[in-house]
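What follows is a single structure, written as structure tokens, with notes after it.
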Amino acid sequence: MDETRNENRVKHTKMEINIGTFNTRTLRTEDRFEELENALNEIRWDLIGITEIRRNEEVLMERKNGYILLHSSADKSMFGTGFMIKNKFRNNILNFIAVSKRIAVLKMVFKKRKCTIFQVHAPTSEHKEEEIVKFYEELDNLIRQEHEENDQLLVLGDFNACVGKKQTGDEGIMGNYGRGKRNKSGVILTNFAASQGLKIVNSYFPHDSRWTWKSPNQKQYEIDYVLTQKPNTIKQFKIADNLQFDSDHRMIMITFNPSSGKYYQDRKEKSLRIKRSAESYKNHLEELLSQMNNDQDTIDIEGP
């Protein structure tokens with residue numbers, strides 16, 4: 033999609049957009065798509081980032097159920113990442129980039145505020161370190177290339193990481209509502225968030241049952257996240273635990289106000305970020321992984 037101006041974009045005096053992120057496990061068949069569409073009819077949503085689509089083709093199409101489907105191609109019927117967007121926002125779409133089987137980028141504009149949305153699916157800790165480094169290096173580079181400083185930024189998806197409770201040094205990236213222990217992938221994610229000035233939105237909202245993934249042995253973990261530089265743009269965070277769809281993940285839903293969150297970053301914070309962006313992020317990650325190689329993950333996350 034080319035970046036164009038259109039005066040028919042959706043306009044509201046107070047715009048609040050219901051955004052979700054969900055690992056579907058598969059949407060390979062039409063029956064699975066219909067199952068998801070029927071489930072979504074029971075909740076309020078405007079835009080949903082999806083992973084594990086598992087269709088071996090890149091798609092940009094309008095579905096008959098009143099939404100637009102955009103996604104990257106799977107790799108041998110594995111992975112595939114993209115978005116579902118209600119038709120009423122079709123003219124708010126500026127661009128879609130199917131980066132890879134694990135990353136998709138959507139650019140939109142709301143009331144003259146541009147917003148860059150990343151939907152991602154990170155490798156699990158059982159993957160080779162080179163693949164983990166490659167994923168975060170690519171995501172780091174994409175954010176720096178595609179996101180303009182004064183625009184809104186959302187990074188959504190399945191990070192296959194447990195960040196746990198806030199630790200010393202997390203004050204700039206986490207709120208007070210983290211839970212559990214942090215594993216090695218969680219260390220990588222929190223370091224990535226710090227490098228981009230991102231906040232882990234999940235940790236800013238209290239929730240009684242915030243797990244997003246149930247393991248084969250029925251243990252429950254929080255591994256799906258929403259990240260943003262401006263947490264005050266997020267008016268609500270919840271788990272769609274009543275979604276009638278067969279997946280071992282649960283959907284995260286946020287209410288997003290793109291006109292909120294005036295950008296502020298003090299000079300010290302900005303200079304630190306510029307300094308880090310001049311370094312090789314790949315070297316930074318490799319050094320971090322090397323330091324943790326003798327540590328044992330407290331949480332075993334398996335799968336793609």
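As numbered in the working numbering, residues 33 to 336 make up the sequence shown, in order.
The beta carbon of each residue, even a glycine, is placed where N, CA and C say it ideally should be.
Of all the options 290, 105, 101 and 152, which has the alpha carbon lying nearest to the alpha carbon of residue 115?
Along the sequence shown, read from residue 1 onward, the residue named residue 115 stands at position 83. Minimum Cα distance to residue 115 is reached at 101.
Rounded C-beta distance between residue 128 and residue 47? I'm assuming under 8 Å.
Residue numbering aside, residue 128 sits at position 96 when the sequence shown is read from its first letter. Residue numbering aside, residue 47 sits at position 15 when the sequence shown is read from its first letter. Not quite, the Cβ-Cβ distance comes to about 21 Å (not below 8 Å), so this is no contact.
Taking only the alpha-carbon atoms, compute the straight-line gap between residue 208 and residue 160 and give it to the nearest angstrom.
Along the sequence shown, one-based indexing puts residue 208 at 176. Along the sequence shown, one-based indexing puts residue 160 at 128. C-alpha separation (whole angstroms): 32 Å.
If we call anything under 8 Å between Cβ atoms a contact, is residue 194 one with residue 229?
Position 162 of the sequence shown, counted from the first residue, corresponds to residue 194. Position 197 of the sequence shown, counted from the first residue, corresponds to residue 229. Taking 8 Å as the Cβ cut-off, residue 194 and residue 229 do not qualify as a contacting pair.
Which same chain residues end up closer than 8 Å to residue 58 when comparing Cβ atoms and leaving out the 5 residues on each side of it in sequence?
Position 26 of the sequence shown, counted from the start, is the residue given in the question as residue 58. For residue 58, where only same-chain residues beyond five positions count, the Cβ hits under 8 Å are 64, 84, 85 and 86.
Starting from residue 268 and walking both ways along the beta strand (DSSP E), at which residues does that stretch end?
The count along the sequence shown starts at 1 and reaches residue 268 at position 236. Run containing residue 268: 266–272, per the beta strand (DSSP E) assignment.
Considering only C-alpha positions, which residue in the set 242, 147, 88 and 254 is nearest to residue 274?
If you number the sequence shown from 1, residue 274 lands on position 242. The residue with the shortest Cα to Cα distance from residue 274 is 242.
Using the Cα positions of residue 199 and residue 191, report the straight-line distance between them to the nearest angstrom.
Position 167 of the sequence shown, counted from the start, is the residue given in the question as residue 199. Position 159 of the sequence shown, counted from the start, is the residue given in the question as residue 191. Their Cα atoms are separated by approximately 19 Å.
Mind checking residue 240: buried by the 16 CB within 10 Å criterion, or exposed?
Within the sequence shown, the letter at position 208 stands for residue 240. When all chains shown are included, residue 240 counts as exposed.
Using CA coordinates, which residue listed in 276, 223 and 233 is at the minimum distance from residue 319?
On the sequence shown, position 287 is the one that residue 319 refers to. The residue with the shortest Cα to Cα distance from residue 319 is 223.
With a Cβ-Cβ cutoff of 8 Å, do residue 174 and residue 135 count as a contact?
Sequence index remark: in the sequence shown, residue 174 carries index 142 (1-based). Sequence index remark: in the sequence shown, residue 135 carries index 103 (1-based). Yes.
At what residue ranges does the region 116–164 contain a whole run of the beta strand (DSSP E), taking only runs of 3 or more?
125–130, 135–142 and 145–153
Distance, Cα to Cα, residue 215 vs residue 137?
By 1-based counting over the sequence shown, the position of residue 215 is 183. By 1-based counting over the sequence shown, the position of residue 137 is 105. Computed Cα separation, rounded: 27 Å.
Would you mind sorting residue 109 into buried or exposed? The rule is 16 or more other CB atoms within 10 Å of its CB.
Residue numbering aside, residue 109 sits at position 77 when the sequence shown is read from its first letter. Flag for residue 109 reads exposed.
Taking 8 Å as the cut-off, decide whether the C-beta atoms of residue 233 and residue 286 are in contact.
Position 201 of the sequence shown, counted from the first residue, corresponds to residue 233. Position 254 of the sequence shown, counted from the first residue, corresponds to residue 286. Between residue 233 and residue 286, the gap from beta carbon to beta carbon is short of 8 Å.
Using 10 angstroms around the beta-carbon of residue 172, count the other beta-carbons present and answer buried if the total reaches 16, otherwise exposed.
By 1-based counting over the sequence shown, the position of residue 172 is 140. By the 10 Å Cβ count, residue 172 comes out buried.
Inspect the beta-carbon positions of residue 146 and residue 111 and report whether they are closer than 8 Å.
As a first step, residue 146 is located in the sequence shown; it is residue number 114 there, counting from the start. As a first step, residue 111 is located in the sequence shown; it is residue number 79 there, counting from the start. Cβ distance not < 8 Å, so residue 146 and residue 111 don't count as in contact.
If you draw a straight line from the alpha carbon of residue 272 to that of residue 185, how long is it in whole angstroms?
If you number the sequence shown from 1, residue 272 lands on position 240. If you number the sequence shown from 1, residue 185 lands on position 153. Each residue's Cα considered, the two are about 22 Å apart.
Count the other C-beta atoms from every protein chain shown that fall within 10 angstroms of the C-beta of residue 261, then say buried if there are 16 or more, exposed otherwise.
Taking the sequence shown and counting its residues from 1, the one referred to as residue 261 is at position 229. Its Cβ being crowded by 16 or more others within 10 Å, residue 261 is buried.
Could you work out which residue in 50, 211 and 71 is closest to residue 278 when comparing CA atoms only?
In the sequence shown, counting from the first residue as 1, residue 278 sits at position 246. It is 71 whose Cα lies nearest to the Cα of residue 278.
In whole angstroms, what is the alpha-carbon distance linking residue 322 and residue 155?
On the sequence shown, residue 322 is found 290 positions in, with the first residue counted as 1. On the sequence shown, residue 155 is found 123 positions in, with the first residue counted as 1. Spanning the two alpha carbons is a distance of roughly 17 Å.
Consult DSSP for residue 91 and reduce its assignment to one of helix, strand or coil.
Locating residue 91 in the sequence shown gives position 59, counting from the first residue. Strand at residue 91.
Rounded to whole angstroms, what is the Cα-Cα separation between residue 248 and residue 144?
One-based indexing of the sequence shown puts residue 248 at position 216. One-based indexing of the sequence shown puts residue 144 at position 112. Taking the CA atoms as reference points, residue 248 sits about 45 Å from residue 144.
Please determine, among 246, 139, 251 and 66, the residue with the shortest C-alpha to C-alpha distance to residue 178.
Looking up residue 178 in the sequence shown gives position 146. When 246, 139, 251 and 66 are compared, the shortest CA-CA separation from residue 178 is found for 139.
Could you tell me how far apart the beta carbons of residue 189 and residue 152 are, in whole angstroms, since I believe they sit closer than 8 Å?
As a working mapping, residue 189 is identified with position 157 in the sequence shown. As a working mapping, residue 152 is identified with position 120 in the sequence shown. Correct: roughly 4 Å between the Cβ atoms.
Got a sec? Which residues, its chain only, sit under 7 Å from residue 88 by beta carbon, not counting five neighbours each side?
Along the sequence shown, one-based indexing puts residue 88 at 56. Closer than 7 Å at Cβ, skipping near neighbours: 105, 106 and 109.
Can you round the beta-carbon distance between residue 284 and residue 52 to whole angstroms, since I take them to be within the 8 Å contact cut?
The residue given as residue 284 occupies position 252 in the sequence shown. The residue given as residue 52 occupies position 20 in the sequence shown. Contact holds; Cβ gap of about 6 Å.
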